[in-house]
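Here the protein sequences come in this chain order: A and B.
Basically our numbering = 1-based index in the first sequence + 50.
Basically our numbering = 1-based index in the second sequence + 28.
Just so you know, even glycine gets a beta-carbon here, dropped at the ideal spot from N, CA and C.
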Amino acid sequence: MPIKDVIAKPSHGFLESLPPMEDFGRFESFTDALDKACDVILSKPHASVVDIRDPELALRVADEYCAWLYYASDEKYHMSMLTNQSDGDEALTRKKTCRLPAFVDDPRFPSWSIKYVFALHNHPFGGPLSLADLKRIIAFANTHEWVVDTKDGKVPLAMVAFFSNTGSENARCDGFYQYTPETRELVKFTQTQGEWFREDIGRVTWVDEKSYKLNGKLYRSK
Amino acid sequence: MRKMSLALALLLVSCLRAPSPPTVPVEDDRTVVFPQFFDRAVGPVGMEGELYEVDGVMLRAVMIAANDFLPPGAKNPSCPNRQEAQSYRVIRQGNIIFVYVYENEAYCGGSSLALDSGAKYAISTDGRILRRVLDGHPDEGAWGVEATDAGSRKVPSRPGVTPAYDSIWNKPPRATTQETQDGGVGAGDGGSAVPAAQVDGGGGP
C-alpha cells in the first residue's frame with residue numbers, strides 16, 4: 051500500500067535518485083527545515099516502534115525511511131521525497147535498512163546547483179548511528195561536497211538519524227543523532243517542548259577506512 | 029501410479045535434504061557489555077596463499093551469528109542478504125565471543141548504500157546467544173566513551189549545528205539597549221535565536 055511522500059523500491063533494481071517533496075516547502079534556514087523533517091519522517095508508519103512491547107513484532111514491522119535535505123539555487127532548503135527501499139527480502143533476515151540514493155533529481159533546479167546538506171533517516175528503536183551510517187556519509191561527502199556554501203555561511207554535510215521516545219502513529223520527534231564527516235564530530239540533539247539541546251558525544255578518529263576511535267574530548271573552534 | 033511414485037520420490041528427497049540449522053534463542057543479558065570492534069586496524073583472514081588456523085569455538089560463534097542475522101535456507105536471497113556478502117569481526121573475552129556482522133559493500137557493488145545493515149552478538153563458548161544488538165538499536169555504553177564533563181553536558185543549540193560551527197550558526201543575540209534596538213541576530217538566522225551566554229562557541233582545545 052503506497053505511503054504518502056514515500057517512494058518504494060522499484061520491482062527491479064534500486065532508485066538512483068529521489069524527486070523533491072514539493073509540499074514540504076522551502077526554508078530559509080536548515081535548522082527549521084530539520085525540525086520539520088523530523089516530524090515528517092517520524093509520522094510515517096512504524097518509523098518508531100518503541101511503543102511495541104513484543105520485540106519480535108517490533109522488529110518485523112519497523113521501517114526505516116531515508117531522504118535528503120538540500121540547498122538549491124533559490125537559496126532555500128528543500129527536502130526530497132522519502133524512500134524505504136531495501137533489498138526486498140529483509141523480512142527473512144534480522145536486517146532493517148534503508149538504501150539512500152546518492153542523488154536528488156529536482157527538475158526546478160539544474161542538477162549541478164543542488165547542494166547536499168543532510169542525509170536523513172530514522173532509527174525505529176531510537177539507537178545511535180551505526181558504523182554503516184558513518185561510512186555512508188563519508189562516501190556521500192566524497193561524491194558531493196564536504197561543506198557547502200550558502201548565502202548565510204558554510205554548512206557541512208552530515209548524517210542524521212531521528213528518533214522518538216513515544217512511538218506509535220505520528221510519533222513525536224524527540225531528537226536525532228548527527229555525524230559530520232568534515233569535523234568528525236558526533237552529537238545528539240534532543241528537544242523538549244520546542245527547545246533544542248545538544249550533547250557532544252565525541253570526535254571520531256579514523257584508524258583506517260573501517261576502524262575508528264571515539265574521543266570524549268571535543269576540540270572547539272576559536 | 030507413476031505420478032504417485034514421483035510425488036513420493038520428491039517427498040523422500042526433501043526429507044533427505046540437509047535440514048536448516050536449528051534457531052538459537054536470543055537471550056537478553058543486559059549485563060553483557062560489548063567491546064569496541066573498530067578501534068584498531070585488523071588483518072583479514074583469507075589472504076591469498078596464507079595459512080590460518082581457526083578455533084572451532086570461534087567458528088561456531090561466527091556461524092551462530094551469521095545464521096541468526098541472515099538465516100540460511102532462503103531461496104535465492106538478494107546479494108546483500110547473503111552470508112558471504114558480509115564481513116565478520118570477532119573478539120574473545122573470557123567465555124564470551126563477540127561478533128560484529130556488517131555488510132561488505134565491495135562484494136555486491138551497487139550505488140545505493142545501505143544504512144544500519146549490521147548487528148553485534150555476544151555468544152557464549154557453549155553456543156548460546158547472550159545478547160544481540162542490531163544497528164540503530166539502543167546500547168548503553170555503545171561508544172565506549174570515557175565519561176567527561178564535555179560528553180554528558182547538554183547545551184541549548186539550534187538543531188543540526190555541529191560544535192565547530194557554533195560561531196556561525198549558534199551566535200548568541202547581540203545585547204539590546206533602549207538606544208540601540210537590534211532587530212536581528214546576525215548571519216545565518218532563519219529561526220529562533222539561541223539564548224545568550226549559554227553556548228560555548230569558542231575556546232581552544
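Only residues of its own chain outside the window of five on either side were considered, and among them L158 and R159 have a CB closer than 6 Å to the CB of D57/B, listed in chain order. Listed along the chain, the chain B residues whose CB falls inside 8 Å of the CB of W246/A are P184, S185, R186 and P187.
Of S195/B, G77/B, G122/B and A102/B, the smallest CA-CA separation from D154/B is found for G122/B.
Here K103/B has no same chain residue with a Cβ atom under 8 Å from its own Cβ, once five neighbours each way along the sequence are excluded.
Residues of the stretch 191-207 of chain A with a Cβ closer than 8 Å to any Cβ of chain B, in chain order: D202, G203, K204, V205 and P206. Of P95/A, D85/A, E66/A and S61/A, the smallest CA-CA separation from K54/A is found for P95/A.
Under DSSP, the beta-bridge partners assigned to T242/A are E245/A. F97/B: not part of any beta strand (DSSP E); member of the alpha helix (DSSP H) spanning G84 to F97, first to last residue. Following the DSSP letters along the chain, one finds K86/A inside the alpha helix (DSSP H) bounded by residues F80 to L92. The shortest C-alpha to C-alpha distance from K148/B to any of M86/B, M75/B and F126/B is the one to F126/B. In the DSSP assignment, P70/A is bridged to S130/A.
According to DSSP, Q135/A shares a beta bridge with no other residue.
For L142/A, the residues of chain B that pass the 9 Å Cβ criterion are L98, P99, G101, A102, P105 and N109, in the order they occur in the chain. Residue pairing for Q121/B: DSSP places it in a beta bridge opposite I124/B. When I102/A, A169/A, F77/A and S123/A are compared, the shortest CA-CA separation from P157/A is found for S123/A. The continuous alpha helix (DSSP H) containing R186/A extends over residues L181 to T193.
With fewer than 16 other beta carbons inside 10 angstroms of its own, R181/B counts as exposed.
Counting only residues of its own chain and dropping the five nearest sequence neighbours on each side, C136/B has a CB closer than 8 Å to the CB of C107, P108 and A113. Residues of chain A whose Cβ lies closer than 9 Å to the Cβ of I196/B are, in chain order, D202, G203, K204 and V205. About 6 Å separates the beta carbons of Y120/A and H128/A, which is inside the 8 Å limit, making them a contact pair.
Against E78/B, chain A offers no close residue; the least beta-carbon distance is about 19 Å (beta-carbon pairs closer than 7 Å). Annotation for D89/A: C223 place their beta carbon closer than 6 Å to its own, counting only its chain and skipping 5 residues before and after. Ranked by Cα distance from V189/B, the options E232/A, N192/A, T193/A and M71/A are led by E232/A. Around Y262/A, the beta-carbon contacts reaching into chain B at under 8 Å are F66 and D67. Under the criterion of beta carbons closer than 8 Å, A142/B and R149/A qualify as touching, at roughly 5 Å. Counting only Cβ-Cβ distances below 7 Å, D167/B has contacts in chain A at G177, in chain order.
Contacts between L158/B and chain A, judged by CB atoms closer than 7 Å, are missing: the closest CB pair is about 16 Å apart.
In the structure shown, the three-state DSSP call for P206/A is strand. The alpha-carbon separation between Y116/B and E76/B amounts to approximately 18 Å. Under the Cβ criterion (8 Å, minimum of three pairs), the stretch 81-94 of chain B does not count as touching the stretch 129-138 of chain A. Against chain A, the beta carbon of A147/B has neighbours under 9 Å at R144 and K145, listed in chain order. When 7 Å is used as the limit between beta carbons, D163/B is near these residues of chain A: S180 and A182, in chain order. Taking one beta carbon from each stretch, the stretch 95-111 of chain A and the stretch 60-68 of chain A have fewer than 3 pairs nearer than 8 Å; the two do not touch.
Listed in chain order, the non-local C-beta contacts of F74/A below 6 Å within the same chain comprise M129, local neighbours out to five positions each way being set aside.
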